[in-house]
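What follows is a single structure, written as C-alpha cells, with notes after it.
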Amino acid sequence: MQLPEGWRQGLFEEGIELISGQHVEASLVNESEDGKPYLTGPADFPDGKIKVTKYTNYATKFCNKGDLLITVKGSGTGKVIESDNQYAISRQLMAVRASVFEPKFTFYNLVASVARYEGAAAGLIPGITRDDVLHTPLLIPPFPEQQKIAQILSTWDKAIEKLEALIAAKQKRKKALMQQLLTGKMRFAEFVKSEGIQQTKFGTIPSDWQYLHITEVAKQFSVKNNVGHDLPVLSCTKHYGLVDSLSYFGKQIFSEDTSTYKVVLRNSFAYATNHIEEGSIGYQNLYDKALISPMYTVFQTNENINDEFLYRLLKTELYRHIFEVNTSASVDRRGSLRWDQFSAIKIPVPSLPEQQKIASFFAVTDTEIETHQKQLSALKEQKKGLMQQLLTGKKRVKVDAHV
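Per this note's numbering, the sequence shown runs over residues 128 to 530.
Okay, structure coming up:
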C-alpha cells in the first residue's frame, strides 16, 4: 500500500503509555464515597458516560483525565471510553495515555481497532493482552495533521451527542406524558366534562371516565393451529412487543411442530401468561394471521376501545406493577396470570374520541423520535466512513498554517 506523503506505518507502542489496571478485593471496596472512585468495567459506563458507584483506598493503578479506557476482559471486551477524571482502575481495564500521538487522534484509532481486539478476545485465551494493544498497527501522519483529523471527527461527535440528547429528552417527555395522559392527570380540554376525580386502588382518574374490568371491553381468543397452517411465528419482546421470530432472532427458536400454537389475528393482543409482569405484552399489527406459542394468552377488544390507547396503557410502568401484584397474588404457584385473573384487572376508559386523540398524539410523538433516530443512524454511518477515510489518508485534510 502506498502511504500518503509525510505519513508512515507504525505501532501504538510508539506513541502511548499503557497502564494495566489492578484488582482490589471486594472487602476493600465501598459505596460510601470513601477513597478514590473505582472503575471495574463497562458496567460503570453503560451509556457512554462514566457513572461511579464504587470507591477504595487500596488502589495502585489509576487513569488520568483524558486517558482512554479499554475493556480487556469479560463482557464488553474492546469497549472504549474517554476518562473524564482520575479513577482507580481494575484489572478488567487498561488506560491508554497518549505520550507522542495527539490524544483524540489516538482515541479514534483505538475505536477503529475494536474489531481487531474483539477478534483477539475470541481466541483460545480470552481477553485483550498488553501486546494486542501495543502492537496495533496504525498510519501516522505529521502531528499537525493528527490534530486536524481529531478536530474534524470531534465536530461530528458533538453533532451526534447533540442529536442523542434531543432523542433522550423527547423519550423522557413522552414517558412522562404517557403516565399523565393515559390516566387522565393531564387532558385535552375539549373532552373535559367534569373537573371531579374518582379514587381507584392505584390512584385517581377523572370522574367522567369509566373504570372497567378488562373482561368488559375484551374477550379471549383461543384458536389453535390444528390444521397446520404455514403462518409466520411471533415472539413477544419487552421493548418492541410482538416481532417476527425468525427475523428478530435470525434463527428458529420455536418448535418445528406448530400444531399446538395459537392463531393471532391482526388487531389482537397477546401476552406471556407466565411473564407478563416483565412487560411481555404485544399487539399484532404485522400480519393478517400469525402464530404464537401456546404459553401466550390472546385477546381482542370490542368497538368501545381504541387498541393503540389500550396497548400504550398496558405497557406503562403502572400496569407492569399491577401485573406484578396480580401475578404474586395468583393462586397459580407458577406465577402465571391466566385470562380469568388478567381480565379482572380494571382499566381507566375515556370516551372513544378521547382515546383516539391520545393515541394520535403519541403516534405523532413516535414518528418524530423515529425520524431523529434515523438521522442519528445516518450520521453515525457517515462519520464511520469519514473516519476510515481520514485515518488511512485516503482523504487528506488541509492543515492551517498556525496549527
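Every residue gets a Cβ at the ideal spot worked out from N, C-alpha and C, and that includes glycine. Predicted model only: the values in this text are computed from it and were never measured.
Cβ-based burial, residue i [other Cβ within 10 Å; buried from 16]
i: Gln129; result: exposed
i: Pro268; result: buried
i: Glu229; result: buried
i: Pro169; result: buried
i: Leu166; result: buried
i: Gly377; result: exposed
i: Asn212; result: exposed
i: Met313; result: exposed
i: Arg257; result: exposed
i: Asp103; result: Past the edges of the chain, shown from 128 to 530, lies residue 103, and the structure says nothing about it.
i: Tyr367; result: exposed
i: Asn191; result: exposed
i: Asn394; result: exposed
i: Lys275; result: buried
i: Lys389; result: buried
i: Thr454; result: buried
i: Gln411; result: buried
i: Glu204; result: In the sequence as displayed, the identity of residue 204 is Thr instead of Glu. It counts as buried.
i: Lys178; result: exposed
i: Val530; result: For Val530, the predicted model reports a pLDDT of 43, less than 50, meaning its position is unreliable and no value from the coordinates is stated.
i: Asp174; result: exposed
i: Ala323; result: With the sequence shown as reference, residue 323 is identified as Gly, and Ala is not the correct amino acid for it. It is exposed - the Cβ of Gly323 has fewer than 16 other Cβ atoms within 10 Å.
heavy atom of the ligand GDP below 7 Å from residue i C-beta
i: Ala239; result: Absence of the ligand GDP is noted for the structure shown, with no ligands found whatsoever.
Three-way DSSP call (helix, strand, coil) for residue i in this model
i: Phe469; result: helix
i: Val452; result: helix
i: Ser382; result: coil
i: Leu351; result: First, the amino acid is wrong: residue 351 is Lys here, not Leu. If DSSP states are grouped into helix, strand and coil, Lys351 belongs with the strands.
i: Leu518; result: helix
i: Pro164; result: strand
i: Glu444; result: helix
i: Lys200; result: coil
i: Lys389; result: strand
i: Ala170; result: helix
i: Glu152; result: coil
i: Lys181; result: coil
i: Pro475; result: strand
i: Ile485; result: helix
i: Ile216; result: strand
i: Val530; result: Bear in mind that a pLDDT of 43 at Val530, under 50, signals an unreliable position, so the number given afterwards is only what the model happens to contain. In this structure, Val530 counts as coil in the three-state DSSP scheme.
i: Asp259; result: helix
i: Arg619; result: With the chain covering only 128 through 530, there is no way to say anything about residue 619.
i: Val524; result: coil
i: Ser463; result: coil
i: Ser509; result: The sequence given here has Gln at residue 509, not Ser. Reduced to three states, the DSSP call for Gln509 is helix.
i: Glu115; result: No information on residue 115 is available, as it lies outside the stretch 128 to 530 that the chain covers here.
i: His356; result: coil
One or two residues paired with residue i in a DSSP bridge
i: Ile408; result: Tyr398
i: Ser362; result: Val370
i: Ala345; result: Thr428
i: Arg224; result: Glu144
i: Gly137; result: Leu265
i: Glu209; result: Leu195
i: Lys87; result: Lying before the first or after the last residue shown, residue 87 is absent from the chain, which here runs from 128 to 530.
i: Asn157; result: Tyr182
i: Ala417; result: Val391
i: Phe189; result: Ala215
i: Tyr423; result: Ala399
Discussion item. With three or more C-beta pairs closer than 8 Å as the rule, is the segment 410-429 touching the segment 336-349?
Written reply: yes
Worksheet item: Does the count of Cβ pairs from the segment 235-245 and the segment 509-525 closer than 8 Å reach three?
Response: yes
Discussion item. Check whether the segment 353-370 and the segment 388-403 are in contact - that is, three or more C-beta pairs closer than 8 Å.
Written reply: yes
Practice prompt. Go through the segment 264-295 residue by residue and report every complete run of the alpha helix (DSSP H) that reaches 4 residues or more, in order.
Written response: none
Practice prompt. Take every Cβ of the segment 276-283, pair it with every Cβ of the segment 149-156, and state whether three or more of those distances are shorter than 8 Å.
Written response: no
Discussion item. Suppose only complete runs of 3+ residues qualify. What are the beta strand (DSSP E) ranges in the segment 304-339, listed by chain order?
Written reply: 324-327 and 330-333
Fill in: At least three beta-carbon pairs within less than 8 Å, the segment 207-224 to the segment 184-199
yes
Discussion item. Any contact between the segment 346-355 and the segment 481-491? By contact I mean 3 or more CB pairs, one from each, below 8 Å.
Written reply: no
Worksheet item: Three or more beta-carbon pairs under 8 Å between the segment 440-450 and the segment 291-310, yes or no?
Response: yes
Worksheet item: Three or more beta-carbon pairs under 8 Å between the segment 290-306 and the segment 497-510, yes or no?
Response: yes
Discussion item. For the structure I just gave you, are there three or more beta carbon pairs, one from the segment 130-139 and one from the segment 257-274, closer than 8 Å?
Written reply: yes
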